[in-house]
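Colleague: For the protein sequence lines, the chains are A and B, in the order given. Following the working numbering, the numbering of the first sequence begins with 46 at its first residue and continues without gaps. Following the working numbering, the numbering of the second sequence begins with 46 at its first residue and continues without gaps. Here a beta-carbon is modelled for each residue, glycine too, at the ideal position from N, C-alpha and C. The structure presented is a predicted model; accordingly, all values stated were derived computationally and were not measured.
Number of protein chains: 2
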Amino acid sequence: MRIALDAMGGDRAPGVTVQGAFLAAKEGVEVLLVGEEARLRAELARLGASLPIHHAPDWIPMEEHATEVRKRRESSIMVAMDLLKRGEVQAVVSMGHTGATMAAALFTLGRVKGVERPALLVEFPSQRGRTFLLDGGANADCRPSFLVQFAAMGLAYAEASGLKDPKVGLLSIGEEEGKGNALVLETYPLLKDALGERFFGNVEGRDIFLGTAEVVVTDGFTGNVALKLAEGEAKVLLGWIKEALTSSPLARLGALLARGALRKVRDRVDPAQYGAMPLLGVEGAVFIGHGSADALAVKNALLRARSLVAAGLLDRVRAGLSALHV
Amino acid sequence: MRIALDAMGGDRAPGVTVQGAFLAAKEGVEVLLVGEEARLRAELARLGASLPIHHAPDWIPMEEHATEVRKRRESSIMVAMDLLKRGEVQAVVSMGHTGATMAAALFTLGRVKGVERPALLVEFPSQRGRTFLLDGGANADCRPSFLVQFAAMGLAYAEASGLKDPKVGLLSIGEEEGKGNALVLETYPLLKDALGERFFGNVEGRDIFLGTAEVVVTDGFTGNVALKLAEGEAKVLLGWIKEALTSSPLARLGALLARGALRKVRDRVDPAQYGAMPLLGVEGAVFIGHGSADALAVKNALLRARSLVAAGLLDRVRAGLSALHV
Chain A
46 MRIALDAMGG
56 DRAPGVTVQG
66 AFLAAKEGVE
76 VLLVGEEARL
86 RAELARLGAS
96 LPIHHAPDWI
106 PMEEHATEVR
116 KRRESSIMVA
126 MDLLKRGEVQ
136 AVVSMGHTGA
146 TMAAALFTLG
156 RVKGVERPAL
166 LVEFPSQRGR
176 TFLLDGGANA
186 DCRPSFLVQF
196 AAMGLAYAEA
206 SGLKDPKVGL
216 LSIGEEEGKG
226 NALVLETYPL
236 LKDALGERFF
246 GNVEGRDIFL
256 GTAEVVVTDG
266 FTGNVALKLA
276 EGEAKVLLGW
286 IKEALTSSPL
296 ARLGALLARG
306 ALRKVRDRVD
316 PAQYGAMPLL
326 GVEGAVFIGH
336 GSADALAVKN
346 ALLRARSLVA
356 AGLLDRVRAG
366 LSALHV
Chain B
46 MRIALDAMGG
56 DRAPGVTVQG
66 AFLAAKEGVE
76 VLLVGEEARL
86 RAELARLGAS
96 LPIHHAPDWI
106 PMEEHATEVR
116 KRRESSIMVA
126 MDLLKRGEVQ
136 AVVSMGHTGA
146 TMAAALFTLG
156 RVKGVERPAL
166 LVEFPSQRGR
176 TFLLDGGANA
186 DCRPSFLVQF
196 AAMGLAYAEA
206 SGLKDPKVGL
216 LSIGEEEGKG
226 NALVLETYPL
236 LKDALGERFF
246 GNVEGRDIFL
256 GTAEVVVTDG
266 FTGNVALKLA
276 EGEAKVLLGW
286 IKEALTSSPL
296 ARLGALLARG
306 ALRKVRDRVD
316 PAQYGAMPLL
326 GVEGAVFIGH
336 GSADALAVKN
346 ALLRARSLVA
356 AGLLDRVRAG
366 LSALHV
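#1: Checking 8 Å against the spacing of the C-beta atoms, do residue 85/B and residue 105/B come in under that value?
#2: Let me confirm a value: residue 142/A is counted as buried when at least 16 other C-beta atoms fall within 10 Å, else exposed. Which label applies?
#3: Our contact map puts residue 227/B next to residue 186/A with C-beta atoms below 8 Å; I'd like the distance itself, whole angstroms only.
#4: With a 10 Å radius around its C-beta and 16 neighbouring C-beta atoms as the bar for buried, classify residue 206/A as buried or exposed.
#5: For residue 238/B, does the count of other Cβ atoms within 10 angstroms reach 16, so buried, or fall short, so exposed?
#6: Okay, do the stretch 153-173 of chain A and the stretch 67-80 of chain A touch, 3+ Cβ pairs below 8 Å being the bar?
#7: Return the residues of the stretch 271-296 of chain B that lie within a Cβ-Cβ distance of less than 9 Å from chain A, sorted by chain order.
#8: Could you give the C-beta distance for residue 329/A and residue 137/A, rounded to a whole number, given that I count them as a contact under 8 Å?
#9: What is the residue span of the beta strand (DSSP E) that residue 379/A lies within?
#10: Which residue's Cα is closest to the Cα of residue 215/B: 335/B, 209/B, 235/B and 129/B?
#11: Note down, one range per segment and in chain order, each alpha helix (DSSP H) of at least 4 residues found wholly within the stretch 269-335 of chain B.
#12: Name the chain B residues whose beta carbon is nearer than 8 Å to that of residue 314/A?
#13: One question on the structure: do residue 255/A and residue 277/B come within less than 8 Å of each other, judged by their Cβ atoms?
#14: So does the stretch 339-347 of chain B actually touch the stretch 305-319 of chain B, counting three or more Cβ pairs closer than 8 Å?
#15: Report yes if the C-beta distance between residue 67/A and residue 50/A is below 8 Å; otherwise report no.
#16: Just to confirm the assignment: which complete alpha helix (DSSP H) runs, minimum length 4, are found wholly within the stretch 161-248 of chain A?
#17: For chain A, find out if any of its Cβ atoms is closer than 8 Å to the Cβ of residue 218/B; answer yes or no.
#18: So residue 27/B contacts chain A; which residues on that side make the cut at Cβ distance below 7 Å?
#19: Is it right to say residue 170/B is buried, meaning 16 or more other beta carbons lie within 10 angstroms of its own, or is it exposed?
#20: Would you say residue 354/A reaches chain B, if we count a Cβ-Cβ gap shorter than 8 Å as a contact?
#21: Anyone know if the C-beta pair for residue 245/A and residue 213/A falls short of 8 Å?
#22: For residue 352/B, I'd like the list of residues in its chain whose CB is within less than 7 Å of its CB, leaving aside the five on either flank, ordered along the chain.
#23: For chain A, is any of its Cβ atoms less than 8 Å away from the one on residue 340/B?
#24: Looking at residue 179/B: is its Cβ nearer than 8 Å to the Cβ of residue 77/B?
#25: Using Cβ-Cβ distances below 7 Å, what residues of the stretch 258-269 of chain A are close to chain B?
#26: Using the C-alpha atoms, what's the distance from residue 232/B back to residue 144/A?
#27: Taking contact to mean at least 3 C-beta pairs separated by less than 8 Å, is the stretch 294-307 of chain B in contact with the stretch 294-313 of chain A?
#28: To the nearest angstrom, how far is the alpha carbon of residue 61/A from that of residue 195/B?
#29: Go ahead and label residue 349/B buried or exposed: buried means 16 or more other beta carbons lie within 10 angstroms of its beta carbon, across all protein chains shown.
#30: Please return the same chain residues whose Cβ sits closer than 8 Å to the Cβ of residue 190/A, not counting the five positions on each side in sequence.
#31: What is the rounded straight-line gap between the Cα of residue 100/A and the Cα of residue 183/A?
#32: Let me know if residue 110/A comes out buried or exposed under the rule of 16 or more other beta-carbons within 10 Å of its beta-carbon.
#33: Which residues in the same chain as residue 59/B place their Cβ atom closer than 7 Å to its Cβ, once the five residues preceding and following it in sequence are excluded?
#34: Quick check: the Cα distance between residue 177/B and residue 198/B, rounded to an integer number of angstroms?
#35: Give, in chain order, every unbroken run of the alpha helix (DSSP H) that is at least 4 residues long and sits entirely within the stretch 57-104 of chain B.
#36: Within a Cβ cutoff of 7 Å, which residues of the same chain sit near residue 200/B, ignoring the five residues on either side of it in sequence?
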């Protein structure tokens with residue numbers, strides 16, 4: 046299995062992307078770097094590493110409009126998608142421009158049958174492990190049918206991740222059926238019909254970290270607000286704790302003694318641990334990471350992509366969608 | 046200034062409500078307990094305290110439907126609102142049934158001129174102090190004009206809270222104008238027109254804890270999800286830290302030394318510190334707390350109500366709304 050990495054994508058590309066690819070290759074991932082050959086060779090030389098390169102003369106900077114990709118077929122992300130489409134690689138990973146990656150995937154690969162809108166799946170640490178939420182921001186306004194498709198894709202992803210018997214919660218502002226906004230009220234009966242026992246019912250904001258349901262579906266506006274709020278809160282809270290632990294000589298000594306234990310908590314909420322999140326509903330395995338990714342995040346993204354492709358992610362998504370229409 | 050406390054509202058009423066009132070009275074708040082006289086007298090006797098009581102023979106349990114209040118004029122929350130309407134008290138505080146309190150307030154007091162929908166203002170701790178967000182859950186589906194009114198009310202509240210030159214951010218999924226869902230895209234130009242310099246522009250989920258804008262407006266669905274997510278995350282994260290700090294003898298010793306510093310962080314994110322949040326846009330000062338409130342939260346709610354009424358909250362809200370229509 047080969048994975049194409051858009052080596053030009055991300056705030057610190059191609060430095061960290063090549064580094065991350067090198068780290069993943071050491072763990073046995075077969076990576077194909079896609080990007081400007083001369084620059085990638087230079088980065089590889091710096092690391093004393095050798096990895097295969099597929100040349101792409103152009104790339105889409107972070108500030109570019111997403112729709113640019115259609116005109117720029119020679120850009121690294123478009124070339125990577127084309128390799129995926131032709132079966133030369135089995136997945137594409139990009140740490141860059143989320144919008145451009147989604148546009149390139151949709152344009153080149155198309156949608157899985159039964160999917161109206163692809164969705165970004167994002168991950169939260171939870172008391173019971175992890176919570177998978179979609180849509181994380183691909184579709185700001187959603188129709189009830191989109192959320193039903195998100196649910197089927199989320200279940201497929203959770204199963205490919207190794208979860209047994211995952212359930213889907215519908216994000217709302219009250220547990221009872223009948224609580225929520227217009228979208229939730231319309232979606233509830235559809236999810237009940239489509240998923241039966243696998244539908245948990247409504248969940249609330251607090252359930253995301255409690256891990257009440259393994260998969261949570263919501264529109265991409267609410268999902269993206271939730272994702273960024275959670276990241277911001279973790280950062281601020283851990284900053285306060287750090288501050289508190291350096292506020293006095295006694296606290297500093299305590300912090301020193303508890304350092305290892307506290308680092309574990311920080312790692313648990315660090316987005317770099319997840320690496321990249323899948324764009325579900327396109328005809329190919331596509332993973333998108335944080336633009337601010339470091340080499341560790343790039344490595345983790347590649348490892349995760351490999352394990353999900355190996356677990357048959359795309360076939361599971363197709364099967365989940367087709368089961369909705371039986 | 047007298048404040049009516051719905052002494053029958055909340056999961057642990059009237060025990061904690063009477064206790065909280067007693068604590069607030071010790072700090073000079075003139076509290077009027079509204080509820081079943083015999084039960085309130087018994088609670089007061091247990092504390093060896095004496096506080097004025099206004100008898101109300103009925104109350105609305107937490108599981109009751111909010112619309113019940115219209116039929117139950119003798120319930121503590123309806124009696125309290127009536128006292129406010131007649132000017133016998135200057136504010137109502139309830140730790141109970143949010144829906145019933147909102148319904149009672151709307152029914153008895155009516156709306157401030159220019160307000161289509163009252164909103165709940167909720168508070169988040171932030172790196173720069175506090176972030177006031179509305180709507181926290183009163184209106185699951187909103188129109189752009191509602192959000193403009195929320196912005197004016199939020200500014201009035203922020204100023205009554207003592208903030209200088211507060212700004213309003215529109216919660217969205219990208220900083221640039223043109224990012225967001227349909228509601229945000231329609232609301233942006235309206236806020237720009239209505240607020241001028243006081244409109245910060247779009248903010249994202251992460252900005253709530255960063256404190257980028259002092260006031261954040263969003264629909265009540267997104268706002269309520271954000272509130273409960275933030276509370277759940279704080280609880281889970283602090284739980285993990287506690288776990289980490291007791292995971293080894295060394296960490297335990299460290300935790301002991303850093304205990305005071307860590308408690309400060311916990312207090313900073315504890316909802317009880319805020320006590321209660323205002324229902325803005327009704328013709329009276331109404332504050333609603335967590336149903337799970339303890340006596341400290343009840344006391345803080347009463348103190349906060351007093352300080353905001355003293356700062357002319359209602360007049361400021363009226364002025365803010367009327368300025369929208371100049």
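Modeller: Once the coordinates are examined:
#1: no
#2: buried
#3: 5 Å
#4: buried
#5: exposed
#6: no
#7: 271, 272, 273, 274, 275, 276, 277, 278, 279, 280, 281, 282, 283, 284, 285, 286, 288, 289, 290, 291, 292, 293, 295 and 296
#8: 7 Å
#9: Residue 379/A lies beyond the range of chain A shown here (46 to 371); nothing can be said about it.
#10: 235/B
#11: 294-302 and 304-314
#12: 282
#13: yes
#14: yes
#15: no
#16: 189-205 and 227-240
#17: yes
#18: In the structure as shown, chain B starts at 46 and stops at 371, and residue 27/B therefore has no counterpart that could be examined.
#19: buried
#20: no
#21: yes
#22: none
#23: no
#24: no
#25: 266, 267 and 269
#26: 23 Å
#27: yes
#28: 44 Å
#29: buried
#30: 161 and 235
#31: 29 Å
#32: exposed
#33: 52, 53, 80, 84, 85 and 88
#34: 11 Å
#35: 60-71 and 82-92
#36: 211, 213, 243, 260 and 365
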